[in-house]
Amino acid sequence: MSIAGLLPQLEVVRKDFPILERTLAGGMPLVYLDSANTSQKPQCVIDTMVDHLERHNANVARAMHQLGAESSEAFEAARDKVASFIGAPSRDEVIFTKNASEALNLVANTLAWARGDLALGEGDVVVTTEMEHHSNIVPWQLLTQRTGATLRWFGLTEDGHLDLSDIDELITERTKLVTLTWVSNMLGTINPVAAITRRAHEVGALVVVDASQAAPQLPIDLAAMPVEERPDLLAFTGHKVVGPTGIGVLWGSRAVLDELPPFLGGGEMIATVAMERSTYAGIPHKFEAGTPPIVEAVGLGAAVDYLSDLGMQHVHAHEQAITAYALEGLATVPGLTVLGPLDAAQRGGAISFEIEGVHPHDVAQVLDSRGVAVRAGHHCAKPAHARFGVQSSTRMSSYLYTTPGEIDALVEALEYTRSYFRLGDS
Amino acid sequence: MSIAGLLPQLEVVRKDFPILERTLAGGMPLVYLDSANTSQKPQCVIDTMVDHLERHNANVARAMHQLGAESSEAFEAARDKVASFIGAPSRDEVIFTKNASEALNLVANTLAWARGDLALGEGDVVVTTEMEHHSNIVPWQLLTQRTGATLRWFGLTEDGHLDLSDIDELITERTKLVTLTWVSNMLGTINPVAAITRRAHEVGALVVVDASQAAPQLPIDLAAMPVEERPDLLAFTGHKVVGPTGIGVLWGSRAVLDELPPFLGGGEMIATVAMERSTYAGIPHKFEAGTPPIVEAVGLGAAVDYLSDLGMQHVHAHEQAITAYALEGLATVPGLTVLGPLDAAQRGGAISFEIEGVHPHDVAQVLDSRGVAVRAGHHCAKPAHARFGVQSSTRMSSYLYTTPGEIDALVEALEYTRSYFRLGDS
Amino acid sequence: MTAQDLDALYQEIILDHYKNPHHKGLREPHEAEVHHVNPTCGDEITLRVHLTGEPGAETVADVSYDSLGCSISQASASVMTDLVIGRPVAEALEVHETFLTLMQGKGQVEPDEDVLEDGIAFAGVAKFPARVKCALLSWMAWKDATARVMEENSK
Amino acid sequence: MTAQDLDALYQEIILDHYKNPHHKGLREPHEAEVHHVNPTCGDEITLRVHLTGEPGAETVADVSYDSLGCSISQASASVMTDLVIGRPVAEALEVHETFLTLMQGKGQVEPDEDVLEDGIAFAGVAKFPARVKCALLSWMAWKDATARVMEENSK
Ligand SMILES: Cc1ncc(COP(=O)(O)O)c(C=O)c1O
Ligand SMILES: Cc1ncc(COP(=O)(O)O)c(C=O)c1O
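Chain order of the listed sequences is A, B, C and D.
Heads up, my numbering is the position in the first sequence plus 104, with the first residue counted as 1.
Heads up, my numbering is the position in the second sequence plus 104, with the first residue counted as 1.
Heads up, my numbering is the position in the third sequence plus 19, with the first residue counted as 1.
Heads up, my numbering is the position in the fourth sequence plus 19, with the first residue counted as 1.
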C-alpha cells in the first residue's frame, strides 16, 4: 500500500496517538474517520498538559510566585507558538477563546456594539456563504437582526464550489463584512480566500475567515500574504489541530482589534476599574476576560509544535493522498454519490456522501459495528445540505494518522452496509 | 498541631495532590497559599482527563459511533455531577461555560438583547456591591451603559461587611437585577445571600450570585432553599474547585433561562438553521454554542465528585479551622492589618492584609524566596481596595490541603520580611 | 457494538415497517399539525392528529404524517400509528409511557408484547443512546399534537 | 527563587532609593503630564516633564512625579530621574534603550555602569519577569510624556 504523498513512517506517527490502539465492542480495532469533527491527541500533548497540572499549575498574569511565573511563561509561550503556526504578523494579535465558535461570535458580538467606522446599520450588508458551518452563520444572523443590516449569501455551484458569478452584486460599497470558510467541513471545498479578500478590501469591507478546517490541513502564513489578500480576522479551534477541547484562536489585525469594543468584561481585560468607569487593557488581554483556558493553551502549544515538527506541507500532502485514495474507493460503491468536488487537489479531507436507499444514520450504525467511526447528519451545515436537496449525509474525514488500509476498511464496511440493507441486488 | 475541624487524615489527602510535593528554587518546599486564585488538582482529576483523552476522545452530541457515545455520556454525566454538587433543581439548568467570567457575561450580555419582561432601559436599576470581583462589575457596567439603565452599589462597612443600611433606596420597584458575590475573594466576607434575594424578589428583581469563592468552600443546595431566597442565576468556575481551567458553570432557573435570548450562535445551540432564520435548542444546549469544553467538563465532574467524597461540610470546617488559626497567627505580626472580618466564622479562607512599610509586591517576593506562594495586588477587586484606601494588598488563601504548619511557615516568612526590610526596630 | 447488537437493533420487524410504513402521508381531517426535528441529525416529521369524542374522553381517530429520517425513526412512526389509532387517548398515552420506559431503560427493561405489539422490536434500540431519540421523534410529535387538541377542546 | 536571588533583586542601592526617592513630588513648569498604571498589580505613577531648547534638540529640564508602588517601581523612578534630568532628550532616550535591554535580557545582559549609574542595581530584576514591569513603569511614563511634548513642539 505505497501511495505517493503519505507521511513517511506513518506507523510510527500512529504510535503517537494512544487511542488508535483501542479496540471496540466485539474486539474490532478502531478505524477513526471522524477527524473533521474532532482530531485525536498525540501523547506529547497529553503529557504536556499532565506536566502542567502536576508541576506548574497556577493562575497566570496575576501571580508573582514561582509557580505563577512558570504558568504564565508556559501560557504566553503557547501564544508565541500559535502565532508562529499561522505566521501571525504579531503575537499580540493572537487571542485565546474557548473554541472557533466563540472566536467568530466575538467578532459578530463586538461589531454589534461598535461605533464609528465599524458600526453596522440599515442598508449595510454582511456577506456569508451557503457552505458555512452553523457557527459561521448564526452569529451573523444575530448581528444583522440586531443592527438592521442585511445578510446576503454566496451560493454554490452544482459541483460544490462557491458560485462567484454574482460577486459584483454581493460585494459592493454597502458591504461592510465578508465572511467565509477556508475549507468546507461538509463539501471539502477549498475556497479562494485570497481573491475574495482582495475584492472585499477594494470596497473597504472586513474579511473574516473561518479556518477551522483549514488550520488542521493547510500551511498558513498570514505574514507572507500580500496585505490586500490577508483576511482581517481568522478563527480556528484547538481540538481539530490535535489539541484539547476548551481552546480556540482568534487572530485579528491589530488595527481592527484595537478598534473593536470589548467583548466579555472582567479580570485581566481591564486597565483600571472604578465605580464610575473602567478602562481596558490592550490586545490580546482586552479580549480575554477571566482566567483563560491555561492548561488548554499549553496543550495547544504542544499540538501546533507537533504539527510543525511533522511539517504542515507534509500533513497537507498526506491528506491529499488519502483523500484521493478515498475518492477512488468510494467511487466503487454502487449507489454512492459524493457531495462536493471530486478532485482531491481542490479539497480538504472531509468527504460527505449519500448511499441510495440507506439513511446516513443507518450507514453510520452499520459502519460502527465494524469499528469504523464516521459522522452522519447535517454536520452543522444545514443550508449546504438544503442546497443539494439532501437532509443529511454520511461523512468520512481523515487526518495525518489515517492509513490507506483504513480507507479499505471503510469501503468494505460500506459494501457490507449495502448487503445488510439488502441493496446488493439493486 | 491538632486543631478541631481539620480534615481527618490531612496528610493522606495531601498525597492526592502531586504538586504539593514540588520543591522550588533553593530546595524550598512549596507552601501554596494562593488557592483563591486557583486551586491545585488531585491526581484523580488529572487521571480522569488523561483517560478521556487517551481512550474516549470524540466530539459530543453529534457523533453516533462508540467513541462518540462514550464521550457524550461522560460529558452529560459531568453535568449530572455538577447539578448534584449544587443541588440544582434540574440538571438541564446547568450550563457549561469557559469560566465564571463568561457565565456572568452570558447573563449581562443576553439581558442587553432581552425584550419584554427582562428588557432593561432608562430608569431601570442594576445593583451590585463594592466588594465584587471585576468579573462581576465590568459586565454590569457594559450592560447599563448599553441599555441606559443605572448601576448602583451596596457600600461596605469598616469591618468589611455589606452596608445594608440603604437597602430600601437600592432595592426598589425600579430595580431589575441585584448581583452579589456569595463570598468575597478579597475580604473573605460571607454575604447574606438569602436575605438579599428575598428582598430583591419582593420587588420582582432577578438575583445573580457569583459563587466563584463560595462553591469551593460552602455546601450549596439550591433545591433546598426556599424559592423566595433562591437566586435566579449562579456562577462559579472549575479551576477553583480542584477542576481544570477552561470550564465554568452557570446555573439558572429554567424560567429565566428559557426567557433569555441566545448568547453565542453556532453548532449545538440550534434547532434548525435556514438562510431566512434559525430556531434554537432548549436549555442547556441553547447556551452552549460550538464544541463544548469536553475533557474539561469531564475533569470538573471528577473534581466535584472528589469534593463530595470528602464532604463539603468537612471542607468548610477545615477552611474555617485553618482560617481561624491563620487570623491568630497574622495577629502576632507587628504592623500587620487584616482587611475584612476578623471572625473566622463569618468569612471564607481568603485573607488580605497590609504590612506597614512594605509594599505587597515586596512582601510576596520575599515570601516566594521562602517557598510561600501568596498573591499581591488588587486581586481584581479595585473598588474594594479603593474603599479601604489601599492600592493593593497581600492575600493568603488556604484550601482543603492547607496545614497549620503551612500557616506557621507563612507567619515566620512575614517576620523575615519585616526584618529584611529592616522594620524589626519599628 | 457487535454484529449481534446490530441485529438486535435492526430487527426484521423494523426493516419491514421501514420499507412499508403504515399510515404514512398527510390526511384530512385533523385538528392539529406539528413539525418536530431532531437537531442533532436533522430528521424531521410533520404529523397531524384527528381526535373524536367528548372533551376529556377523546379517541384517536387518525394520525397521519410525513417524515424524513433513518430506519429507526421511520419504523417507529409506523408502529406508533398502529398502536394509537382507534384507541382512547388516555389508553394511547399509557402505551406511550410504556414505550418511553422501554426506550429509557438502557436495554434493562423487558418489553411487554401485549401492550407494545410490534413496538417490542425497539428493545434493541434502548442500548444505543444516540438512536433512542430517533425512536422517540414521532411519539413526541404525536404527544405534542394530541395535547394541543385536548387543550383546545377543554376551553 | 533563592535567598541569593532575593539579595540580587533588593540591592542596597534599590532600598536606599526606595527609602529616599530623588525628585519626587509634582512640580511646575511642565509641558505634559501622564498617568500610567500596571494593570496586574495596580501600581501607578503620575509624571510630568519639562523640556527646554529648540524643537528637535530639546533637553530634559525637569521630571517630577507622584507614585504609588513597590520598592522596585519607586526606586526605578528615582534612578530614572537622576539619569535623564539635565540630559539632551536624544541622549536620555539612549539611556532608556540601554535600560530596556538590560531589563529584557532575562539576567543575561551585563549592565554598563558608565551609562546606567545606579541603574545597574536593577540587573537582578531582569530575572523576575513579573517585576520587570515594575522597573519599567516610570520609564514608560517618561517616554510617553516626552514624546507628547516633542510632537507638540514639532507642530
Ligand atoms: C469572586 C470571584 N468572581 C469571579 C471570578 C472569576 O473567575 P474566572 O477568572 O475563573 O472567570 C473570581 C476568580 O478569579 C472570583 O474570585
Ligand atoms: C468549518 C467549521 N467552522 C466552525 C466550527 C466550529 O468549531 P467549534 O465547534 O470548535 O467551535 C467547525 C467544527 O465544528 C467547523 O468545521
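From the three backbone atoms N, C-alpha and C, an ideal C-beta is built for every residue, glycine too.
First and last residue of the alpha helix (DSSP H) that includes K38/C?
31-38
Rounded C-beta distance between V282/A and V231/A? I'm assuming under 8 angstroms.
5 angstroms
S530/A versus D362/B: straight-line alpha-carbon distance, rounded:
Low confidence applies here, because S530/A scores a pLDDT of 46, under 50, leaving its location unreliable; read the following figure in that light. Distance between the alpha carbons of S530/A and D362/B is about 49 angstroms.
Could you list the residues in the segment 88-107 of chain D with a C-beta less than 8 angstroms from some C-beta on chain A, going in chain order?
none
Which residues, taken in chain order from the segment 348-374 of chain A, show a beta carbon closer than 9 angstroms to some beta carbon of chain B?
P348, T349, G350, I351, G352, P365, P366, F367, L368, G369, G370, G371, E372, M373, I374
State the Cα-Cα distance for the pair M379/A and G439/B, rounded to the nearest angstrom.
30 angstroms
Can you give me the start and stop residues for the alpha helix (DSSP H) that A425/A sits inside?
416-435
Closer than 9 angstroms between beta carbons: that is the criterion. Which residues of the segment 230-246 of chain B meet it against chain D?
none
Measure the beta-carbon distance from Y37/D to S90/D and round it to whole angstroms, keeping in mind my assumption that it falls under 8 angstroms.
4 angstroms
Strictly below 7 angstroms CB to CB, what residues from chain F border L119/D?
The question asks about chain F, but that chain is absent: this structure's protein chains are A, B, C and D.
With 8 angstroms as the C-beta to C-beta threshold (strictly closer), list the residues of the segment 147-166 of chain C near chain A in chain order.
F147, R150, C153
Chain D within 8 angstroms of A378/A, Cβ atoms only:
no
Name the chain D residues that come within less than 9 angstroms of E177/A, Cβ to Cβ?
P148
By the 7 angstroms beta-carbon criterion, what residues does the segment 148-170 of chain B contribute toward chain C?
A165, R166, M168, Q170
Pick out the complete alpha helix (DSSP H) segments inside the segment 43-104 of chain C, 4 residues or longer, and give them in chain order.
90-103
With 16 other Cβ atoms within 10 Å as the buried cut-off, status of E332/B:
exposed
Chain-ordered chain A contacts of A22/C [CB-CB under 7 angstroms]
G130, S473
Which of the three DSSP states, helix, strand or coil, is assigned to F147/C?
coil
Just by C-beta distance, which residues in the segment 172-202 of chain A are closer than 8 angstroms to chain D?
G172, A173, S176, E177
Please report the Cβ distance between L210/B and F391/B, rounded to the nearest whole angstrom; I am assuming they are in contact, meaning their Cβ atoms lie under 8 angstroms.
6 angstroms
Any C-beta of chain A under 8 angstroms from that of T59/C
yes
Any idea what DSSP makes of M500/B, helix, strand or coil?
strand
Excluding the 5 residues preceding and the 5 following D267/B in the sequence, name in chain order all residues of the same chain whose CB lies nearer than 8 angstroms to its CB.
F258, G259, L260, T261
Using 8 angstroms as the limit for Cβ to Cβ distance, is D466/A near chain C?
yes
Sorted by chain position, which residues of the same chain lie with C-beta nearer than 8 angstroms to I374/A's C-beta, five sequence neighbours on each side aside?
S382, T383, Y384, A385
Under 8 angstroms between the Cβ atoms of S497/A and L443/A?
yes
Tell me which residue opens and which closes the beta strand (DSSP E) that K185/B is part of.
Run containing K185/B: none in the beta strand (DSSP E); it sits in the alpha helix (DSSP H), 170-189.
For a contact defined as C-beta to C-beta under 7 angstroms, what are the partners of V56/D on chain A?
A375, T376
Between P388/B and chain A, is there a C-beta pair that is closer than 8 angstroms?
no
Would you please verify whether the beta carbon of K531/A is less than 8 angstroms from any beta carbon of chain C?
Absent from the structure is residue 531/A, since the part of chain A shown begins at 105 and ends at 530.
Return the chain-ordered ranges of every alpha helix (DSSP H) run that is complete within the segment 429-487 of chain B and spans a minimum of 4 residues.
464-473
Y384/B, enclosing beta strand (DSSP E) - first and last residue
382-384
Quick one: is the Cβ of S316/A within less than 7 angstroms of any heavy atom of ligand 2?
yes
Between the segment 474-507 of chain A and chain B, which residues of the former have a C-beta closer than 9 angstroms to a C-beta of the latter?
G475, V476, A477, V478, R479, A480, G481, H482, H483, C484, A485, K486, P487, A490
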